[in-house]
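Chains as they are written, first to last, in my numbering: chain A, 99 to 230; chain B, 414 to 756.
Shown next, in the form of structure tokens:
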């Protein structure tokens, strides 16, 4: 996601450079400029939510631990870092090795992965306004 | 030097295309708020030709560069499609000219007929009301299905649309669509998004076979149709058309993505009426299983759109705040796809 400070800066710039100049009536024009000024102050007050990154970290670590304990998957798991990028790589490996792993092992691994993905999504949805 | 799409620049261009026109003047020159991939300008032109007054409405679509579909946006292809459709039963705007030369208006552009009518946004309150009222009168739902049937009944080879690329047999069409949207994702984000990776891997593993090829619009819904007198005057937004599975369009009509709370498909047509009328007009049975698959593909495609849009903004290539807003749409469409897949 785009960092909140960056977005606020861009909204302030749009208010200043696009919206306010296009408004001819003096009162709404001054309101648009003032909104830009206030947003600059607000941007200095905010921080990104630390709980989102922590929640994702926990979900990924949990999935990698669980999958790493399955003997048929240990090799695949060891080839991927426990990060979002590594999880993407692991998903691709699981699908490409599906036949060799067998349907039962694949389904088990896929279930674990999907449970972790649900946690990742829920963390993003908290910010997107649908999760809390 | 950046060249803007000003009325003066457009008038000068038009004069070169209409050399017999005297006293050429433009009016009602408006850049519309719609259009995520192209700037859209509509205007009226009036001139004298052989001593007689002429008035004509035009619509100009310009590729501003660094827009939603990135390299997938191709105005020349759109122009060729519109030319190919001119002599067919598909309601579409008449195309006039395509220009690749960026020195004229700052980017490639095409000029086509300004179709009379309106295409209300179905997500707005006013749009929802417009379509609900039209649906209750009964004429527009039938016209909506007839427009879709005109696409799927088209002899696309005879119309000269093979240049769009013809998928091979079996799963080639679905796999090709997945690959296309994967390319947009790859161009848009620096590191993979695991939820999207899982959805794409599932789509690849479960791609359906295409039983019949048709000319497919790729975004057939209200909002992409010009409506006049409760009828579809023209199908617009020719950006995603392909030769492919007609169920791809049908799935888009059936999808919840396009009706946000309305009980009507695409906010305008009852489901059973749509299915019955489509079958009667095309002779095709709707394959609901394939449609469910394509609906998930559309969710993936939406995620690709929004990743592209927010990526352009994050990269500083486009400062349109509408693109920034889509950063919050990505998890929402991924959530829809994940729930459809059972997680």
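From the three backbone atoms N, C-alpha and C, an ideal C-beta is built for every residue, glycine too.
| task | Pull up the distance between the alpha-carbon of residue 107(A) and that of residue 677(B), whole angstroms please. | result | 40 Å
| First and last residue of the uninterrupted alpha helix (DSSP H) at residue 462(B) | Element bounds for residue 462(B): not the alpha helix (DSSP H) but the beta strand (DSSP E), 452 to 462.
| field | Where residue 619(B) falls, given that 16 or more other Cβ within 10 Å makes a residue buried | value | exposed
| Contact check, residue 643(B) vs residue 547(B), beta carbons under 9 Å | yes
| field | Segment limits, alpha helix (DSSP H) that includes residue 594(B) | value | For residue 594(B), the enclosing alpha helix (DSSP H) begins and ends at 585 to 601.
| Counting only beta-carbon atoms, is residue 145(A) nearer than 9 Å to chain B? | no
| task | Counting only the same chain and skipping the five closest in sequence on each side, list residues whose C-beta sits under 8 Å from that of residue 423(B). | result | 439, 442, 454, 456, 473 and 518
| message | So, does the segment 579 to 587 of chain B touch the segment 714 to 724 of chain B, judging by three or more C-beta pairs under 8 Å? | response | no
| request: Ignoring anything shorter than 4 residues or poking outside the segment 150 to 199 of chain A, list the alpha helix (DSSP H) runs there in chain order. | output: 172 to 176, 182 to 194 and 196 to 199
| message | Buried or exposed for residue 550(B), going by 16 or more other Cβ atoms inside 10 Å? | response | exposed
| said: Below 8 Å, how does it come out for the segment 591 to 607 of chain B and the segment 461 to 473 of chain B: are there three or more Cβ pairs, yes or no? | reply: no
| task | Taking all protein chains shown into account, decide if residue 628(B) is buried (16 or more other Cβ within 10 angstroms of its Cβ) or exposed. | result | Classification for residue 628(B): buried.
| query | Going by beta carbon distance, what residues of the same chain come within less than 6 Å of residue 174(A), once the five residues before and after it are set aside? | reply | 191
| query | What three-state label does DSSP hand residue 449(B) in the structure shown? | reply | coil
| Cα-Cα, which of 639(B), 673(B), 418(B) and 625(B) is closest to residue 661(B)? | 625(B)
| query | Taking Cβ-Cβ distances below 7 Å as the criterion, which residues of the segment 726 to 756 of chain B are in contact with chain A? | reply | Taking 7 Å as the Cβ-Cβ cut-off against chain A, the residues of the segment 726 to 756 of chain B that qualify are 726, 727, 732, 734, 737, 740, 741, 744, 745, 747, 748, 751 and 756.
| query | Since residue 222(A) meets chain B, which of its residues come closer than 7 Å, beta carbon to beta carbon? | reply | 744
| Using DSSP with H/G/I as helix, E/B as strand and the rest coil, what is residue 671(B)? | helix
| For residue 414(B), which three-state DSSP category applies? | In this prediction, residue 414(B) has a pLDDT of 48, which is less than 50 and means its spatial position is unreliable; what the coordinates show is noted afterwards. Coil, per DSSP.
| query | On the premise that residue 753(B) lies in contact with residue 712(B), defined as a C-beta separation below 8 Å, what is that separation, rounded to the nearest angstrom? | reply | 7 Å
| Residue from 700(B), 735(B) and 616(B) with nearest C-alpha to residue 714(B) | When each option's Cα is compared against that of residue 714(B), the closest is 616(B).
| task | Drop a sphere of 10 angstroms on the beta-carbon of residue 429(B), count the other beta-carbons inside from all chains shown, and report buried for 16 or more, exposed for fewer. | result | The residue is exposed, with fewer than 16 neighbouring Cβ atoms inside 10 Å.
| query | Of all Cβ atoms in chain B, is any one closer than 9 Å to the Cβ of residue 227(A)? | reply | yes
| field | For residue 723(B) and residue 144(A), believed in contact at Cβ under 8 Å, the rounded distance | value | Actually they are not in contact, since the Cβ atoms of residue 144(A) and residue 723(B) sit about 19 Å apart, beyond 8 Å.
| Under a CB-based cut-off of 9 Å, is residue 137(A) close to chain B? | no
| So the alpha helix (DSSP H) residue 724(B) belongs to, where does it begin and stop? | 701 to 727
| request: Determine the DSSP secondary structure at residue 465(B), reduced to helix, strand or coil. | output: strand
| message | Contact between the segment 116 to 134 of chain A and the segment 182 to 200 of chain A is defined here as three or more beta-carbon pairs at a separation below 8 Å; is this criterion met? | response | no
| message | Please report whether the beta-carbon of residue 122(A) lies at a distance below 9 Å from any beta-carbon of chain B. | response | no
| request: Could you check the C-alpha separation between residue 637(B) and residue 176(A) for me, to the nearest Å? | output: It is roughly 49 Å from the alpha-carbon of residue 637(B) to the alpha-carbon of residue 176(A).
| request: Could you tell me which uninterrupted alpha helix (DSSP H) segments, each at least 4 residues in length, are contained entirely in the segment 629 to 669 of chain B, listed from first to last along the chain? | output: 659 to 667
| query | In chain B, what lies closer than 7 Å to residue 99(A) by C-beta? | reply | 740
| said: I'd like the ranges of any alpha helix (DSSP H) spanning at least 4 consecutive residues and lying wholly in the segment 543 to 571 of chain B. | reply: 552 to 565
| Could you check where the alpha helix (DSSP H) with residue 112(A) kicks off and where it finishes? | Element bounds for residue 112(A): 102 to 112.
| query | For residue 516(B), which of helix, strand or coil comes out of DSSP? | reply | helix
| field | Buried or exposed by the 16-neighbour rule on C-beta atoms within 10 Å, applied to residue 221(A) | value | buried
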